[in-house]
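Residue numbers (our numbering): 1282 to 1639.
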């Protein structure tokens, strides 16, 4: 039997491992077309398939048949000023893509899959569970979106590279980004500055603890310092819902910081101690930036932010204060899959759907 924090580590391990190593060597049973060619543009493909597609795809076909100016106007109206900010967060909900045995889910997943390169398509199709494939697909789409916009490259050239620790990046980018997903919500945090990193983590306390046995809260002594543990339990173990959310707020902060500095969870997390951590919830306090952090007992000059998303998910961000011109709150925005598809069309994406690889 594994401890509760070890189980959570395994669930979140995808954030730090090379995607290829994390995939199961078993093909999915999703039926997909196999013969689209590079010569066919996204515009033609969507127009041909619009009659059999979902309403979002019909809207896309209409938008792609309009003038380029109209498409640009649509994009500007959908995503105002976010690309000019120092830091920002975009997130999407991909749960519609994993509802099994529905035509709508099959179509949405298959259409979205064509927006990533063939090697990424093959990797995604090896996932055993549609849920995992959909979340990783959402992560890749957000990465391609940010790279194409901030690096000003065609969608097809928005390649994602990875460090030896599995951290994604774009080789010629003058910005940093980090991704996280949990319970069908996928987020990307962006820091637009040379040599300035950002880390984020999103967690659903209810989903994370659904199958944990009573007493699980005692399994985290090798994760949190004595001071942190006292703060987490300050309302007593009987206030389980409050304590659970507080524990995962501390967890998300630690993971966001370790991802920002590029070490993942392989370090001794008790050398990283957070204080002034406030509770967040979607109705009363959806945001806080009061947190400070010591590493090896020395205070570090970093900005830590915690957001409450819908269904009371927790999202934490970490980035150094060095180089930040504006002290304002990081902008966070939810976007839809059809918006990402419109951006791909705007950048004249050649569609290539890889052949099935077992």
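Built from N, CA and C at the ideal position, the CB exists for glycine as well. All values reported here derive from a predicted model rather than from experimental measurement.
Between residue i and residue j, what straight-line distance do the alpha-carbon atoms span, to the nearest angstrom?
i            : j            : result
residue 1515 : residue 1521 : 11 Å
residue 1623 : residue 1601 : 33 Å
residue 1456 : residue 1508 : 35 Å
residue 1619 : residue 1423 : 12 Å
residue 1453 : residue 1497 : 44 Å
residue 1437 : residue 1523 : 45 Å
residue 1421 : residue 1458 : 12 Å
residue 1627 : residue 1439 : 14 Å
residue 1408 : residue 1401 : 12 Å
residue 1334 : residue 1377 : Below a pLDDT of 50, predicted positions are generally treated as unreliable, and residue 1334, at 27, falls in that range; the measurement from the model is reported next regardless. So the two alpha carbons sit approximately 14 Å from each other.
residue 1379 : residue 1372 : 17 Å
residue 1605 : residue 1495 : 44 Å
residue 1578 : residue 1603 : 20 Å
residue 1556 : residue 1582 : 14 Å
residue 1365 : residue 1404 : 33 Å
residue 1502 : residue 1510 : 8 Å
Please classify residue i: does DSSP put it in a helix, a strand, or coil?
i            : result
residue 1598 : strand
residue 1494 : coil
residue 1371 : strand
residue 1457 : strand
residue 1427 : helix
residue 1619 : helix
residue 1311 : Residue confidence is low: residue 1311 scores 29 on pLDDT, short of 50, so the model does not pin down where it sits. Its coordinate-derived value is still stated next. In the structure shown, residue 1311 sits in coil (DSSP, three-state: anything other than H, G, I, E or B).
residue 1583 : strand
residue 1482 : strand
residue 1442 : strand
residue 1468 : strand
residue 1569 : strand
residue 1512 : helix
residue 1563 : coil
residue 1378 : helix
residue 1554 : strand
residue 1417 : helix
residue 1574 : strand
residue 1399 : helix
Less than 8 Å between the CB atoms is what I'm expecting for residue i and residue j, so what's the real figure, rounded?
i            : j            : result
residue 1416 : residue 1375 : 6 Å
residue 1481 : residue 1597 : 7 Å
residue 1444 : residue 1543 : 7 Å
residue 1550 : residue 1599 : At roughly 14 Å, the Cβ-Cβ gap does not stay under 8 Å, so residue 1550 and residue 1599 are not in contact.
residue 1479 : residue 1541 : 6 Å
residue 1471 : residue 1427 : 6 Å
residue 1554 : residue 1506 : 5 Å
residue 1525 : residue 1490 : 6 Å
residue 1607 : residue 1367 : 6 Å
residue 1616 : residue 1486 : Incorrect: roughly 24 Å between the Cβ atoms, too far for contact.
Could you name the residues of the same chain whose beta carbon sits closer than 6 Å to that of residue i, not counting the 5 residues immediately before and after it, in chain order?
i            : result
residue 1570 : 1586
residue 1565 : none
residue 1442 : 1450 and 1452
What does a CB cutoff of less than 8 Å around residue i pick up in its chain, not counting 5 residues either side in sequence?
i            : result
residue 1552 : 1576 and 1577
Who are the Cβ neighbours of residue i in its own chain at under 7 Å, not counting the five residues just before and after it?
i            : result
residue 1363 : 1369, 1612 and 1614
residue 1567 : 1561, 1588 and 1589
residue 1461 : 1296, 1468, 1481, 1482 and 1483
Taking 8 Å as the CB-CB limit, is residue i close to chain B?
i            : result
residue 1401 : Of the chains in the structure shown, none is chain B; there is only one protein chain.
Contact between the region 1522-1532 and the region 1554-1567 (3+ Cβ pairs under 8 Å): yes
Are at least three pairs of beta-carbons, each pair with one atom in the region 1590-1599 and one in the region 1380-1399, less than 8 Å apart? no
Check whether the region 1460-1480 touches the region 1410-1429, taking contact to mean three or more Cβ pairs, one atom from each stretch, closer than 8 Å. yes
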